[in-house]
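Counting from 96, one number per residue, gives the positions in the sequence shown under the working numbering. Just so you know, even glycine gets a beta-carbon here, dropped at the ideal spot from N, CA and C. Remember, predicted model here, so these are calculated numbers, not experimental data. Remarks on the structure that follows.
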Amino acid sequence: MIKQIANYGGWKSPISAQKIADGSISLSQVIKDEKDIYWVEGRPSQGGRSVIVRRNSKGVIADAISENHNARTRVHEYGGGSYDVSRGVIYYSNFADQRIYRQDKKEKPVAITPDDSTQRYADIKIDHSSGNLICINESHSLDSLNEPINNIVRISLDSPAGTKPEVLVSGADFYSNARINSSGTKLTWLQWNHPLMPWDGCELWVADFGKEGIQNSRRLAGGNTEAVFQPEWHPKDEDALFYVSDRTGWWNLHSIDTGTENACPEPVLLMDAEFGTPMWVFGMKTYQFSSSETIVCTYTCDSRWHLGHINIKSKKLSRIDLPYTEYSSINCSEGVAAFKAGSPESSPAVVAFNISTKEHAKISKPSADIMHLDDISIPGVIEFPTDNNLTAHGFFYPPKNRKYEGLDTSKPPLLVKIHGGPTGATGSSLNESIQYWTTRGIAVMDINYGGSTGYGTVYRRRLDRNWGVVDVADCVNGALHLIKQGKVDKDKVAIDGGSAGGFTTLAALAFSNVFKAGASFYGVTDLEALARDTHKFESKYLDRLIAPYPSDIAIWQERSPINNIDKISAPVILFQGLEDKVVPPNQAETMVQALRNRNMQVAYIAYEGEQHGFRKSFNIKRTLEAELFFYSKIFKFELAEDIKPVDIYNEQKS
96 MIKQIANYGG
106 WKSPISAQKI
116 ADGSISLSQV
126 IKDEKDIYWV
136 EGRPSQGGRS
146 VIVRRNSKGV
156 IADAISENHN
166 ARTRVHEYGG
176 GSYDVSRGVI
186 YYSNFADQRI
196 YRQDKKEKPV
206 AITPDDSTQR
216 YADIKIDHSS
226 GNLICINESH
236 SLDSLNEPIN
246 NIVRISLDSP
256 AGTKPEVLVS
266 GADFYSNARI
276 NSSGTKLTWL
286 QWNHPLMPWD
296 GCELWVADFG
306 KEGIQNSRRL
316 AGGNTEAVFQ
326 PEWHPKDEDA
336 LFYVSDRTGW
346 WNLHSIDTGT
356 ENACPEPVLL
366 MDAEFGTPMW
376 VFGMKTYQFS
386 SSETIVCTYT
396 CDSRWHLGHI
406 NIKSKKLSRI
416 DLPYTEYSSI
426 NCSEGVAAFK
436 AGSPESSPAV
446 VAFNISTKEH
456 AKISKPSADI
466 MHLDDISIPG
476 VIEFPTDNNL
486 TAHGFFYPPK
496 NRKYEGLDTS
506 KPPLLVKIHG
516 GPTGATGSSL
526 NESIQYWTTR
536 GIAVMDINYG
546 GSTGYGTVYR
556 RRLDRNWGVV
566 DVADCVNGAL
576 HLIKQGKVDK
586 DKVAIDGGSA
596 GGFTTLAALA
606 FSNVFKAGAS
616 FYGVTDLEAL
626 ARDTHKFESK
636 YLDRLIAPYP
646 SDIAIWQERS
656 PINNIDKISA
666 PVILFQGLED
676 KVVPPNQAET
686 MVQALRNRNM
696 QVAYIAYEGE
706 QHGFRKSFNI
716 KRTLEAELFF
726 YSKIFKFELA
736 EDIKPVDIYN
746 EQKS
């Protein structure tokens, strides 16, 4: 095929924003129940509703909850762990009223927690020894006016519906991963206190457990400088507890004998790889016992995830080679592992893997195939030099469209994308929202700046006291790296990011002149205001990333984009959900007004009914198109499609 020559940015793309919005179903929380496999789908076409889906042993896929329900919890605002299932009976948190419901296959859902909107539940686990539920409760009652109160509770399924749950563990600021051993005699959990986030430091606890509650509570591992992740009991040995810890500088798998007093943790496997991930939501899993002697696990090294098999006696890891580069939410039973997986050529899907035969298949219903393989830009893993003689990481996506190529005399624009968190990471699975740009002739750099996960504890802690400094430097140096290589146009470099990535975007616009335009999605603009207004889970997060507040308030003020408006010279577009409790709308609104007061080019789009992240199909479509339209005006390239215009304040300035 002879390719058409056209200006970068003006290529006619085979994928529209509408197709991306319609197909952008999120997948999470994979659970295997006997031969059935369950997962949660976030559906933009249904207003972002979270639906529990079941695939039965015959391969039939169907929604498993009422069409009027939304399986989503608001604990920590980010949720996760919204359901559990046993023998076909599902227990889940419904978003509208935050009550837990029981759903039998052939019956209507029945509420089992009190009708009290101040109570939220997450990390739901069925206690198979008693048939009760163990979960995390977050109380927003009048007794918790200063901040919500978090506890571990037991919900009796034998008591009348609506009976108040029994508090088992209380006193710490946060809890997660309450899990009962195979004999029902011990309870383990994670807990941590302000100002720590769970990936900074948390504690692994255990207690004797029975009908009367818990006794003999004791800390096993963790602390202020050790981050523990995903405790799991051995399937047969009632005293053997496994967990992931970063005590060696990497999130590696460990075990401990809870039946021996003063027992010391033992590494199951030590390697320069991460078997853990930041616990932003409940229910995250990177490993699962496949037998009493083996574990199926996922781990990341060299900027990609792998699947592996660990023999816990020999402490040997065997890599399982499948055509995926990202794995998460792993669950095993009856010889089959189910997990979420994706690759640069395939969007994430739920995959079933037969452990003995090595056969694997995607089992979730795929979104409509919206991309031809020859249009997909495959990311290259890049490492580049950054400040203080260090190295940072990322992925580079060159423009690609099987019908177009750019002019020999020009180079493509570059969009630098910043992941949220900031403690988190971006991956290499096919992301149509990135391909939206590359198929139009715009290169993309997706950066795992210092502070990102997947590269060890030292790399993750580069952001300590340095948020707004290290991340900005890495984004600037990443862009300069590509400019020096002659891969992109230095005069057409944009940057975008959501939430924490929005903060980095705005800070990069203020503290460098490399970026000529930017887009912030529900981004942080005023650090002080965020400290006052944000929710409990993240209310002390910035004490580590910036400095203790309010004692070091001057540093907070110096880093806030809102206080550096006079340094921003590039045009900015901001997007915001008006029901956002994590980064409230006043953050964006104050920034927009300040930019207008300086006669800067600025655009602002706000969405009713959206929270922290856009879930509705129409808004996903509008956001993609509006950002593209904005750049076309700033970088002066003609679009190959009709897009609803964006009202850009002071547009004539360009």
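Taking all protein chains shown into account, residue 486 has fewer than 16 neighbouring C-beta atoms within 10 Å of its C-beta and is therefore exposed. Note that the segment 467-485 touches the segment 566-574; at least 3 beta-carbon pairs, one per stretch, sit closer than 8 Å.
A direct Cα-Cα distance of roughly 27 Å separates residue 547 from residue 143.
In the three-state scheme derived from DSSP, where H, G and I count as helix and E and B as strand, residue 686 is classed as helix. In the displayed model, residue 285 falls within a strand according to three-state DSSP. Taken atom to atom, the span from the alpha-carbon of residue 594 to that of residue 563 is near 13 Å.
Around the CB of residue 254, fewer than 16 other CB atoms lie within 10 Å, so the residue is classed as exposed.
Residue state for residue 116 is assigned as helix, using DSSP reduced to three classes.
Remark: fewer than three beta-carbon pairs, one from each stretch, lie closer than 8 Å, so the segment 637-644 and the segment 661-672 are not flagged as touching.
By the C-beta criterion, the segment 410-430 is judged to be in contact with the segment 373-387, since at least 3 inter-stretch pairs fall below 8 Å. For residue 565, the enclosing alpha helix (DSSP H) stretches over residues 565-579.
In the structure shown, residue 551 falls within a coil segment according to DSSP collapsed to helix, strand and coil.
With distances taken between CA atoms, residue 256 lies nearest to 197 out of 678, 586, 197, 325. The bridge partners DSSP lists for residue 680 come to none.
Under DSSP, the beta-bridge partners assigned to residue 396 are 399. Secondary structure of residue 587 (DSSP, three-state): coil. In the DSSP assignment, residue 227 falls outside any alpha helix (DSSP H), carrying neither H nor E.
Using a Cβ distance threshold of 8 Å, residue 493 and residue 501 do not count as a contacting pair. The closest CA to that of residue 219, considering only 234, 600, 715, 273, is found on 273. DSSP, reduced to helix, strand and coil, places residue 559 outside both helices and strands of the structure shown, so it counts as coil. Classified as buried, residue 122 has 16 or more neighbouring CB atoms from the shown chains inside 10 Å of its CB.
Annotation: the segment 235-304 contains no complete segment of the alpha helix (DSSP H) (minimum length 4 residues).
The segment 628-640 and the segment 665-685 touch, with no fewer than 3 CB-CB distances between them shorter than 8 Å. Note that the C-beta distance between residue 496 and residue 108 is below 8 Å.
Here DSSP, grouped into helix, strand and coil, assigns residue 719 to helix. Residue 449 sits in a strand when the DSSP states are folded into three classes. DSSP places residue 528 inside the alpha helix (DSSP H), whose first and last residues are 527-533. At the C-beta level, residue 291 and residue 301 stay beyond 8 Å of one another. Under the DSSP definition of a beta bridge, residue 164 lacks any partner. Cβ contact annotation for residue 650 (same chain, cutoff 7 Å, sequence separation greater than five): 641, 642, in chain order. Between residue 287 and residue 267, the CB-CB gap stays under 8 Å. Between residue 397 and the set 605, 738, 691, 521, the nearest pair of CA atoms involves 521.
Counted as a single uninterrupted DSSP element, the alpha helix (DSSP H) harbouring residue 653 occupies residues 648-654.
For residue 139, the three-state secondary structure derived from DSSP is helix. The alpha-carbon separation between residue 418 and residue 684 amounts to approximately 44 Å. Taking a 10 Å sphere around the C-beta of residue 145, we find 16 or more other C-beta atoms and assign the residue as buried.
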